[in-house]
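All you need for the working numbering is the position in the sequence shown, starting with 1, plus 261. Virtual Cβ for every residue (Gly too), placed ideally from N, Cα, C. The structure appears right after this line, and notes come after that.
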Amino acid sequence: MALSLALAALSGCSVVNPLNPDVDMQATGSVAGAPATPAKTALPAGLDAEDRHRALGALGVALDPQGNGAAVRWDNPVTKARGLVTPVGFAYPENGLICRKFSARFETATGAKSRAGAACRDKNAVWTLSEIHKGA
262 MALSLALAAL
272 SGCSVVNPLN
282 PDVDMQATGS
292 VAGAPATPAK
302 TALPAGLDAE
312 DRHRALGALG
322 VALDPQGNGA
332 AVRWDNPVTK
342 ARGLVTPVGF
352 AYPENGLICR
362 KFSARFETAT
372 GAKSRAGAAC
382 RDKNAVWTLS
392 EIHKGA
């Protein structure tokens with residue numbers, strides 16, 4: 262089941278994040294805000310709203326099946342948080358969507374954390390996290 266909470270748009274892509282219930286839901290651009298859904302697993306502690314925006318923007322770029330399949334780095338010079346999103350394997354179809362697995366590493370003032378999961382993109386290029394769990 263795909264969870265929804267619209268967040269980041271980057272280079273014509275957007276990412277839906279069910280993992281942060283305190284995100285500003287003001288709709289901007291062409292992506293409408295969706296109702297918040299309780300998270301099964303939150304992104305690591307220590308990420309502020311801008312950190313999450315940057316991390317999810319990197320996720321959308323990294324998972325793009327038209328991209329080169331390389332890992333995408335992000336950072337926030339204000340908070341000093343940074344991370345890396347790495348696509349795992351190739352994109353695959355699932356229930357009419359294009360999906361791809363990923364791993365992510367986050368470095369914040371509270372330490373380094375990892376997450377892994379999958380996200381799916383709909384026909385409007387909106388990515389939705391379909392699974393996420395703590396990485397090794």
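Ends of the beta strand (DSSP E) at residue i?
i, result
"residue 333", "333-336"
"residue 344", "343-355"
"residue 304", "Looking at the DSSP string, residue 304 is not in any beta strand (DSSP E), and its letter there is neither H nor E."
"residue 386", "Note, residue 386: premise wrong, no beta strand (DSSP E); not H, not E."
"residue 369", "358-369"
Give a yes or no on whether the C-beta atoms belonging to residue i and residue j are separated by under 8 angstroms.
i, j, result
"residue 363", "residue 324", "yes"
"residue 307", "residue 342", "yes"
"residue 333", "residue 349", "no"
"residue 313", "residue 335", "no"
"residue 369", "residue 381", "no"
Within its chain, find whatever has a CB closer than 6 angstroms to the CB of residue i; leave out the 5 residues flanking it on each side and keep chain order.
i, result
"residue 331", "none"
"residue 301", "In this prediction, residue 301 has a pLDDT of 39, which is less than 50 and means its spatial position is unreliable; what the coordinates show is noted afterwards. Here the set comprises nothing."
"residue 305", "367, 374"
"residue 299", "Low confidence applies here, because residue 299 scores a pLDDT of 30, under 50, leaving its location unreliable and the question unanswered by this model."
"residue 319", "333, 335, 346"
"residue 337", "311, 312, 315"
"residue 361", "324, 348, 352"
"residue 392", "378, 379"
Here's a check: name, in chain order, each residue in its chain whose Cβ is nearer than 7 angstroms to the Cβ of residue i, leaving out the five neighbours to either side.
i, result
"residue 399", "As displayed, the chain neither begins before 262 nor continues past 397, which places residue 399 out of reach and without an answer."
"residue 355", "381"
"residue 358", "381, 382, 383"
Just curious, the alpha helix (DSSP H) that residue i is in, first and last residue?
i, result
"residue 255", "Nothing about residue 255 can be read from this structure; the chain reaches only from 262 to 397."
Are the C-beta of residue i and some C-beta of chain B separated by less than 8 angstroms?
i, result
"residue 362", "Included in the structure is just one protein chain, with no chain B present."
Who are the near neighbours of residue i in its chain, counting only those whose CB is closer than 8 angstroms to its CB and skipping five residues on each side?
i, result
"residue 394", "302, 376, 377, 378"
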